[in-house]
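Contents: one structure, followed by commentary.
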Amino acid sequence: MEVDLSPIFGAVISLCAIALTTFGTWALSRFARKLGIEANSEAIQAFDDALGKAIQAGAGAMRDTIAAKGYDHIETKNAILAFALPYAVAKFAPALRSIGLDPDNPAATDTYLRAELNRLFPTAMMPVAASPVTPPVSPPVFPAGSMTTGQLNTASAAG
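Residue numbering for the sequence shown follows the working numbering, beginning at 10 and increasing consecutively.
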């Protein structure tokens, strides 16, 4: 009489695979923590915060331009970013170093910083846009509820 033990071996192998996967995940997370990968994400967050502060400092320095042209005008954005780049290098050198940038070598960092400042510009400008320095929004051409859809279609066909 032969006894087929393959279902038992299959179940034992499946359980061993689950245990090995669980242990491997745990060991890998401990290894990553030991290497400082979590610290790296904290450094990136500190870098983003520093660049956001540099953009907001640039907005503070460009109050006249914002009042004259608005915070979302391209010339305003360029002026703010032109101010924010050297400001970030001068004021937040440790944050730059923490992610591997050399603030003492502008040729190596300027292109990367410009791209990062452009990426963070909309988010960093949200508090500025809500400030009293920002010019008021102009009223819409057609106030809400003043025309129905049929009147809008007639007006657009006539114009």
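Think of the CB as a built atom: it goes at the ideal place given N, C-alpha and C, for glycine as much as any other residue. Here the structure is a predicted model, which means the values were calculated and not measured.
In the three-state DSSP reduction, Val-137 falls in the helix class (H, G or I). Scanning Ala-116, Tyr-80, Leu-24 and Ser-50 for the CA closest to the CA of Met-135 turns up Tyr-80. Gly-67 sits buried, since 16 or more C-beta atoms from the chains shown fall within 10 Å of its C-beta. Phe-32 has its alpha-carbon roughly 42 Å from the corresponding atom of Asn-127. Going by beta carbons, Ala-97 and Ala-63 fall inside the 7 Å limit. In this structure, the straight-line span from the alpha carbon of Asn-114 to that of Phe-56 is close to 17 Å. A Cβ-Cβ contact shorter than 7 Å links Ala-70 with Phe-92. Annotation for Ile-53: Ile-108 place their beta carbon closer than 7 Å to its own, counting only its chain and skipping 5 residues before and after. Shown here for Ala-104: same chain residues with a beta carbon closer than 6 Å to its own, the five before and five after excluded, namely Ala-55, Phe-56 and Ala-59 in chain order.
The residue among Leu-94, Glu-51 and Ala-20 with its C-alpha nearest the C-alpha of Thr-118 is Leu-94. The criterion of a C-beta distance shorter than 7 Å is not satisfied by Leu-122 and Gly-61.
With a 10 Å radius around the Cβ and a threshold of 16 neighbouring Cβ atoms, Val-137 comes out buried.
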